[in-house]
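Asks:
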Amino acid sequence: MTDRPLVLHLVDDTTAGGVTRVLDFIRTNPDMAATARHEVQVVARNRSIPALSADMIVSHLSISWRSLPVLIALRARHAGLPLVHVEHSYTETFTALNVPFKVRFFTLLRNAYALFDRVVAVSEEQGAWMRRRGLVSREALQVIRSAVDLGRFRALPAPAGPALRIGAIGRLNRQKGFDVLIEAFRELTSPEISLHFHGTGSEEQALRALAKGDPRIQFHGHSAVPEEALASVDVIAMPSRWEAFGLVALEARAAGRRLVVSDLDGLKDSAGIEAQFVTGHGVQDWRLALKAALDAGTAAPARAPGAEQEFADRWNHLVQLCLDRGEPLTRVAGGRA
């Protein structure tokens with residue numbers, strides 16, 4: 001069909017990771033393709049974006065004071081088109097840990113989000129934070145929990161026997177809290193258990209130094225095939241300091257792996273009700289949580305049924321909502337000063 005509307009997704013970060021894989025799923029999902037043609041266009045960060053030919057534009061761009069003029073120009077050049085922004089980065093705990101001047105930061109977000117007809121939160125927790133802070137009106141906010149094709153993860157056999165191998169998958173940076181994980185793991189004395197890191201990042205050398213002398217801790221580098229990394233472990237640990245969604249948690253559920261995760265942000269969505277949630281980042285709290293997960297064995301959780309269909313249905317609804325010529329689109333900023 002050539003009469004389907006074109007939805008153009010703009011991205012300024014093509015680093016291998018969750019956002020890239022979610023965009024691949026949007027582009028290739030057959031249920032979404034029945035409603036619209038979804039294409040991805042890479043743009044230079046903080047550089048002017050030319051006039052684009054599309055029926056609807058979706059921003060997956062980074063928001064900052066430097067990018068705000070770019071977004072204003074994008075809105076001006078496409079005044080007659082529905083514009084949507086998907087917020088992949090900012091959360092309540094990100095703000096608490098990283099933003100010293102919060103009033104200024106919230107002003108930035110309100111002004112940026114007001115340029116769009118709709119703003120998509122990638123988890124219920126993120127959306128609730130946006131509403132509480134008055135960053136986006138209820139009318140403009142949509143919640144669409146991230147997803148990818150989970151078929152290859154569900155095809156993995158559930159772990160059998162005792163739980164001995166803990167996996168940590170993702171970028172090796174401060175956000176992921178892997179320093180806490182190493183310290184907590186090292187306090188577990190069993191020689192039979194092991195901790196496996198799959199990923200690279202700015203803190204790799206520091207983490208290797210923290211793990212030095214413990215042969216049970218291994219670093220495997222970047223895993224190009226995520227399901228292979230999950231197949232090699234029994235339990236997934238995610239001591240993230242902030243997490244807008246947490247795609248690894250969703251994939252671990254689909255793979256039938258137990259989860260031990262931080263009790264914050266989007267992990268409350270992606271990890272599911274069967275996960276073991278840990279409040280804070282105290283080493284002793286994480287030691288106890290890891291021990292409990294290992295002692296519990298390898299009973300498989302529910303494998304994230306319906307995640308892909310919910311994602312596709314909500315995106316299809318958003319596209320139809322934005323392109324329904326009978327409904328005037330109103331860009332509404334949040335209501336709290």
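Be aware that the sequence shown starts at 1, since it is given in the UniProt record's numbering, and climbs by one per residue.
Cβ coordinates follow ideal geometry from the N, Cα and C atoms, glycine included.
(1) DSSP three-state label for residue 338, please.
(2) Which value, in whole angstroms, describes the spacing of the CA atoms of Asp263 and Leu288?
(3) Taking Cβ positions, are Gly18 and Phe245 nearer each other than 9 angstroms?
(4) Among Arg47, Arg37, Asn46, which one has its Cα closest to the Cα of Ile57?
(5) Is it buried or exposed, Arg336, if we count other Cβ atoms within 10 angstroms and call 16 or more buried?
(6) Who does Gln142 pair with in a DSSP beta bridge?
(7) Can you list the alpha helix (DSSP H) stretches of 4 or more residues lying completely in the region 52-95, in chain order?
(8) Quick one: what's got a C-beta closer than 7 angstroms to Leu141's C-beta in the same chain, skipping five residues either side?
(9) Given Ala255, which residues of its chain have a CB within under 6 angstroms of its CB, disregarding the five upstream and five downstream residues?
(10) Ordered along the chain, which non-local residues of its own chain (more than five positions away) have a Cβ less than 7 angstroms from that of Ser48?
(11) For Ala292, collect the residues of the same chain with a Cβ closer than 7 angstroms to its Cβ; drop the 5 residues on either side in sequence, then sort them by chain order.
(12) Tell me whether Arg258 is buried or exposed, calling it buried when 16 or more other Cβ atoms sit within 10 Å of its Cβ.
(13) Our contact map puts Ala147 next to Ala300 with C-beta atoms below 8 angstroms; I'd like the distance itself, whole angstroms only.
(14) Are the region 27-45 and the region 311-325 in contact at 8 angstroms, needing three or more beta carbon pairs?
(15) What is the rounded straight-line gap between the Cα of Arg303 and the Cα of Ala252?
(16) Which term fits Ala209, buried or exposed, when burial requires 16 or more other beta carbons within 10 angstroms of its beta carbon?
(17) Let me know if Asp269 comes out buried or exposed under the rule of 16 or more other beta-carbons within 10 Å of its beta-carbon.
(18) What did DSSP end up calling His281 once you bin it into helix, strand or coil?
(19) How many Å lie between Gly282 and Arg171 at the Cα?
(20) Please list the terminal residues of the continuous beta strand (DSSP E) segment that includes Gln41.
(21) For the alpha helix (DSSP H) that Leu247 lies in, which residues bound it at each end?
(22) Give the range of the beta strand (DSSP E) segment to which Gly306 is assigned.
Replies: From the atom records:
(1) Limits of the chain in this structure are 1 at one end and 337 at the other, which puts residue 338 out of reach.
(2) Cα to Cα, Asp263 sits roughly 15 angstroms from Leu288.
(3) Going by C-beta atoms, Gly18 is nearer than 9 angstroms to Phe245.
(4) Selected option, being the one with the closest Cα: Arg37.
(5) Any reading at Arg336 needs caution, since the residue's pLDDT is 32, under 50, leaving its predicted position unreliable; the model's value is listed next. It counts as exposed.
(6) According to DSSP, Gln142 bridges with Val120.
(7) 68-77, all fully within the region 52-95.
(8) Hits under 7 angstroms: Val119, Ala121, Gly127, Met130, Arg131.
(9) Around Ala255, the same chain offers Phe153, Leu156, Leu230 as residues with beta carbons nearer than 6 angstroms, after the five sequence neighbours per side are excluded.
(10) Closer than 7 angstroms at Cβ, skipping near neighbours: Val70, Ala73.
(11) Hits under 7 angstroms: Gln276.
(12) Classification for Arg258: buried.
(13) The distance from the Cβ of Ala147 to that of Ala300 is about 20 angstroms, inconsistent with a contact at the 8 angstroms cut-off.
(14) Because the criterion of three Cβ pairs below 8 angstroms is met, the region 27-45 and the region 311-325 touch.
(15) Using only the alpha carbons, I get a separation of about 8 angstroms.
(16) Of the residues assessed, Ala209 falls on the exposed side of the cut-off, its CB having fewer than 16 other CB atoms within 10 angstroms.
(17) Asp269 is buried by the Cβ-count criterion.
(18) The three-state reading of DSSP puts His281 in coil, since its state is none of H, G, I, E or B.
(19) If you take the alpha carbons of Gly282 and Arg171, they lie about 21 angstroms apart.
(20) For Gln41, the enclosing beta strand (DSSP E) has its first and last residue at 37-42.
(21) Per DSSP, the unbroken alpha helix (DSSP H) holding Leu247 starts and ends at 247-254.
(22) Premise fails: Gly306 is in no beta strand (DSSP E) and is neither H nor E.
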